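Below: the structure, in structure tokens.
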Amino acid sequence: MNTPFKDGFAPVSEEITAFDLDVTGRIPAELNGRYLRNGPNPLSLDDPSAGHLFFGEGMVHGVRLRDGRAEWYRNRWVRSARVAGRLGEDPRPGPVHAGLDFSANTHVIGLGGRTFATVEAGALPYELGYELDTIGACDFGGGLPGGFAAHTHLDPVTGELHALAYFFGWDHHQHLVLDPKGVVQRVTDIPVADQPMVHDFALTERFVVIYDLPVTFSLAHAERGDRLPYAWNDDHPARIGLMSRESGDVRWVDAPPCWVFHTLNAYDDGDEVVVDVVSYPKGFVDARLDLGGPPALDRWRIDLTTGRVGQARLDDRPQEFPRMDERRTGRPYRYGYTAVTRELVDVVGGGVAGELEDLADDAFGNTLIKHDLRRGTQESRELGRGAYVGEPVFVGAGEAEDDGYVLSFVNNPARGAADLVILSAQDFTGEPVATVHLPARVPLGFHGSWIAD
Ligand SMILES: [Fe+2]
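Sequential numbering of the sequence shown, starting at 4, is according to this note's numbering.
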């Protein structure tokens, strides 16, 4: 089988529990909680789920930090009924939407003292226990009419968690608002044409910002047997929807045709809305995970008076996994963090990484970037060949926006295992504050969270 699960993406075959991990440096005593990260890890490379990066069974890797120590590392598959069966276990109880029982593989978040592995396109989240055991699929007490979303955004002032669900069987997207206890407070259907894919969205104080881009469900590709039957559709105009958080009304404006997986952040700026995204020139060309070119970090300025969208390139290096200080979600902000991962760009950029000058240097192929958006400058931290650097998650400590830590799994090829690297965000290129040495490799994956105790 032609699998994307090789090199940095190669799955691990065991679940491991390890205590009192070796540490170089000093773990900040204020970091009490868990760093968790989800990603696709096929049970077997002979399975159909190993044929596409998006379909590998979810595996959550976690490190628990307490009182300056790394108490444990655990990695656990998310037990959908199929995964439980393959592991010789009973299926967990829980609801299923539209027959889509899927081992959620895209993100892992905390909400109301609970932990959820999430995924998009119709399936429900799976709730995990503190030690990453699977409790069961969750529809938030019956509050979800359909599936959920991989990406959510928490308003740090109101405590509302926003999500935007989509499903190929719907003629709408569904905006969801949950309260801090995980109770669904509001459900709003937003009519859209052509069943577009929507991986992420943005939140400002006034708006939910919806990306309605030309990647739509393709019956032709579904009939041909493509696992991910979504394709670039020139007949689907690119739009941005501004949904008023107060009234629920949506205003649509024309957008530059492109594909966006991820938001860095967004905010209201007088008569404009600023949205920072990682954008690709095209997406899912002929339904392959081939995004027609490398990604770059862009800023959109949406003029609320004229409805025009200005586009400026903030950084043209092929980066992904944008994160920021989520105490400032939806508000003006200064700093962002992204990752350059050669292996990821090779998969999603349609094999363009090899053609890129910037990636010709293997070291730069594994780099974390800190962006100072006010000054328009970047600091780059190169992690070397085979580092398979993952998403940089920011954890705030002091009041200042970059007073805190950046956490990421980084492969250590010399040990054949991963480290959890903890950087000082204010000393981004200096020595790590701490490096936690894990007992095993952590394959490249998708998204994660710091979930404080
Ligand atoms: Fe994502």
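Using N, Cα and C, we set each Cβ at its ideal position, and we do this for glycine too. Just so it is clear, the structure is predicted and the values come from calculations on it, not from any experiment.
Could you tell me which residues DSSP pairs with residue i in its beta bridges?
i    : result
M246 : V211, V253
F220 : Y233
S411 : V424
N41  : V63
L131 : T118, T137
What residue range is occupied by the uninterrupted beta strand (DSSP E) comprising residue i?
i    : result
G65  : 61-69
H175 : 175-181
N369 : 369-375
A21  : 20-22
R326 : 323-326
F264 : 262-272
A342 : 338-344
A196 : It is not in any beta strand (DSSP E) - A196 carries neither H nor E in the DSSP assignment.
Distance, Cα to Cα, residue i vs residue j?
i    : j    : result
A342 : H265 : 12 Å
N414 : S47  : 22 Å
R230 : H176 : 21 Å
A225 : P260 : 24 Å
G116 : C141 : 14 Å
P395 : H202 : 19 Å
N44  : G150 : 22 Å
T6   : L56  : 8 Å
R320 : L300 : 8 Å
F170 : T27  : 45 Å
Y336 : R378 : 12 Å
E249 : F210 : 8 Å
G419 : T308 : 55 Å
P297 : E163 : 34 Å
A53  : A13  : 10 Å
Check each candidate in the options and name the one with the smallest Cα separation from residue i.
i    : options                : result
F204 : V392, L39, P43, N268   : N268
Q314 : W303, V218, F171       : W303
E382 : G433, A417, G401, A241 : G433
I305 : D182, Y214, L347, H156 : Y214
L181 : W75, E208, H100, L147  : L147
T137 : G145, H154, L90        : L90
L135 : V26, R291, Y38, N369   : Y38
Q198 : D252, A166, G125       : G125
G368 : G379, R388, T380       : R388
A107 : L114, T118, G61        : G61
A290 : A241, D274, P232, I454 : P232
Y490 : V281, L426, E402       : Coverage of the chain is limited to positions 4 through 456, which leaves residue 490 absent and any answer about it impossible.
E402 : S83, V424, D328        : D328
Tell me which residues share the same chain as residue i and place their Cβ nearer than 7 Å to its Cβ, disregarding the 5 neighbours each side in the sequence.
i    : result
D422 : V413, N415, T438, V439, H440, L441
K9   : none
A363 : The predicted position of A363 is uncertain, since its pLDDT is 45 and thus under 50; a value taken from the coordinates is nonetheless stated next. Cβ within range, chain order: n/a, list empty.
Would you kindly report the start and end of the unbroken alpha helix (DSSP H) that includes residue i?
i   : result
R85 : 84-89
Just to confirm my understanding: we take residue i, look at its own chain, exclude 5 residues before and 5 after, and list those with CB closer than 8 Å. What are they?
i    : result
E18  : R77, N78, R79, W80
E33  : A400
E360 : Residue placement at E360 is poorly supported in this model, since its pLDDT is 49, which falls under 50; the coordinates still yield a value, given next. Correct list: empty, nothing qualifies.
F431 : L371, K373, E382, R384, V409
D274 : D306, L307, T308
Apart from the five residues on each side of it in sequence, which residues of its chain come closer than 6 Å, Cβ to Cβ, to residue i?
i    : result
V3   : Examination of residue 3 is not possible in this model, given that the chain is present from 4 through 456 alone.
N236 : P217, T219
G11  : E346, Y391, L447
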